[in-house]
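Undergrad: Heads up, the sequence shown is in full-length UniProt numbering, so the first residue is 1 and it goes up one at a time. Where is the CB? At the ideal position from N, CA and C, for every residue including glycine. Sharing a structure with you now.
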Amino acid sequence: MIQKQHESKLEVGQTFPVTIKRLGINGEGVGYFKRQVVFI
């Protein structure tokens, strides 16, 4: 099975919607943008 990688071109300072899945005790989080992991 071959999976295509999603390329997302993001610029420094660009804002985008993120779905937060979990929060740590210090407020750090793990989110997803277009099926890519984003550490917050």
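1) Leaving out five residues on either side along the sequence, give the residues of the same chain with a beta carbon under 6 Å from the beta carbon of Phe33.
2) By how many angstroms is the C-alpha of Ile40 removed from the C-alpha of Ile25?
3) Quickly, what does DSSP pair Gly31 with across the bridge? List them, please.
4) Who are the near neighbours of Lys21 in its chain, counting only those whose CB is closer than 6 Å to its CB and skipping five residues on each side?
TA: Checking against the coordinates, here is how it stands:
1) Phe16 and Val18
2) 13 Å
3) Ile20 and Val38
4) Closer than 6 Å at Cβ, skipping near neighbours: Val30.
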